[in-house]
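Worksheet: one structure, shown below.
Given below as structure tokens:
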């Protein structure tokens, strides 16, 4: 049965003299533990040592775990593996109950990523979908959720089985983040939606709408990841990031969101390590993701925080990725408005894998009979590339029977009929003209 994994991660590394993030951690724990949420605390060796009593209590009582904020080590491959393995072992000495197999920090180099896996890490938390430059992070081009990353091109999926899992920092509103060009505003970060004016105390209709989009896509996916993050030091005014009023507002937003989320069926709370286990058990390669997204209305923005951000509304959008590409389609359009080509990553990596020249699709015929339906489409491509087609009609009464192409070899790789919404067809098209004939049987 399809399910959603709810993961919650919290930065808990900041220490200033005798001041630790413990007060903020307790606020998060008191808010989320009553809902059964297992928190993954992102800790350094210093913060783990200072906080080990509370971390151990929360692990024993609520199933919390930690992720290791790995320092920026230097050296060649053998030295990096040794240092990163030692970082795990040191954390396990402080907290003997943890596997310490999830790394945090924005590790970028191929050598560092390869050494993380060699040192026994199975996941790397902190990828930011569609983001450019904010917090010195540019991850535009990477998939949302989880994916097996390619150490040579860290924002692209691996082509070999399994490997290190890239994990999202916090879930984004896929539609608004893509169309607006400002993904940082549209996420599950409660401080950001408060500063932008989209949510206020327990009035979190925007966050609920974002969750609804993720939840609806359980119809089309076996597993949906929903990651929330809040920094512990931002939950206490002593660190001078936010006022006490802001911290209480964040508490209430998170409480309201957790209450809403866990009012739904088929949702399992998991630590990042547990979520990685589920992903690895189910998937040998990066699992394709099919996401149909509707725009969520928002109140007027606070321009002091979000000036320069388009407000929409935007059309219904279908988003997809697999190990070869990521694509975005808008309501009514056959071809994608964006193709991120992972298959040709050496050529496309410098432009976030984005293809400049998107193939053109033409519908030549669309015939129905009492027994089925036939489509004839042509695709004109300037080069060979991964490709997809959406036809925004109700194909619910049909089952796909076959796809025939000319020239031969353009095989149908994947398809989805999203009842009452659209048909999605995934191909790798060659350069030039391709004829596609697709047949359906009536149910």
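Numbering (the numbering used here), first residue to last: 250 to 692.
Just so you know, even glycine gets a beta-carbon here, dropped at the ideal spot from N, CA and C.
Computed from a prediction, not measured in an experiment: that's the story for all the values here.
Residues that DSSP places opposite residue i in a beta bridge
i           : result
residue 377 : Answer by DSSP bridge pairing: none, since residue 377 is not bridged.
residue 290 : 259 and 315
residue 567 : 541 and 578
residue 603 : 589
residue 630 : 681
residue 695 : A query on residue 695 cannot be resolved here, the shown segment of the chain reaching from 250 to 692 and no further.
residue 610 : 628
residue 651 : 688
residue 365 : Residue 365 is not bridged to any residue.
residue 472 : 252
First and last residue of the uninterrupted alpha helix (DSSP H) at residue i
i           : result
residue 547 : Residue 547 -> no alpha helix (DSSP H), and no H or E assigned at all.
residue 428 : 423-429
residue 479 : Element bounds for residue 479: n/a, residue is neither H nor E.
residue 383 : First-last for residue 383: undefined, no H or E at that position.
residue 521 : 521-531
residue 555 : 552-555
residue 594 : 594-597
Cut-off 8 Å between Cβ atoms - residues of its own chain near residue i, not counting five sequence neighbours on either side
i           : result
residue 492 : 486
residue 620 : 690 and 691
residue 627 : 610, 611, 613, 682, 683, 684 and 685
residue 669 : 643 and 645
residue 343 : 294, 297, 298 and 301
residue 328 : 322
Limits of the unbroken beta strand (DSSP E) element including residue i
i           : result
residue 589 : 587-590
residue 690 : 681-691
residue 664 : 661-667
residue 396 : 395-399
residue 518 : 516-518
Cut-off 7 Å between Cβ atoms - residues of its own chain near residue i, not counting five sequence neighbours on either side
i           : result
residue 504 : 280
residue 376 : 388, 391, 415, 416, 417 and 418
Sequence-distant residues of the same chain with beta carbon closer than 6 Å to residue i, five excluded per side
i           : result
residue 687 : 624 and 652
residue 520 : 287, 289 and 314
residue 488 : 482
residue 312 : 287
residue 633 : 679 and 680
residue 299 : 269
residue 330 : 364, 367 and 368
residue 273 : 481, 482, 484 and 485
residue 615 : 624
residue 516 : 253 and 255
Reduced DSSP secondary structure (H/G/I, E/B, other) of residue i
i           : result
residue 283 : helix
residue 645 : coil
residue 618 : strand
residue 372 : strand
residue 406 : strand
residue 356 : coil
residue 501 : helix
residue 495 : helix
residue 623 : strand
residue 484 : helix
residue 253 : strand
residue 265 : strand
residue 508 : helix
residue 276 : helix
Residue i CB to nearest heavy atom of the ligand MG below 6 Å
i           : result
residue 336 : For the ligand MG, the structure offers nothing, since it holds no ligand at all.
3-residue-minimum beta strand (DSSP E) runs that sit fully inside the region 295-354, ordered along the chain:
For the region 295-354, whole beta strand (DSSP E) runs of length 3 or above, ordered along the chain, are 314-318 and 351-353.
Which parts of the region 408-466 are runs of the beta strand (DSSP E), unbroken and 3 residues or longer, counting only runs that do not cross its ends?
For the region 408-466, the continuous beta strand (DSSP E) assignments of 3+ residues that do not extend past its boundaries occur at 414-417, in sequence order.
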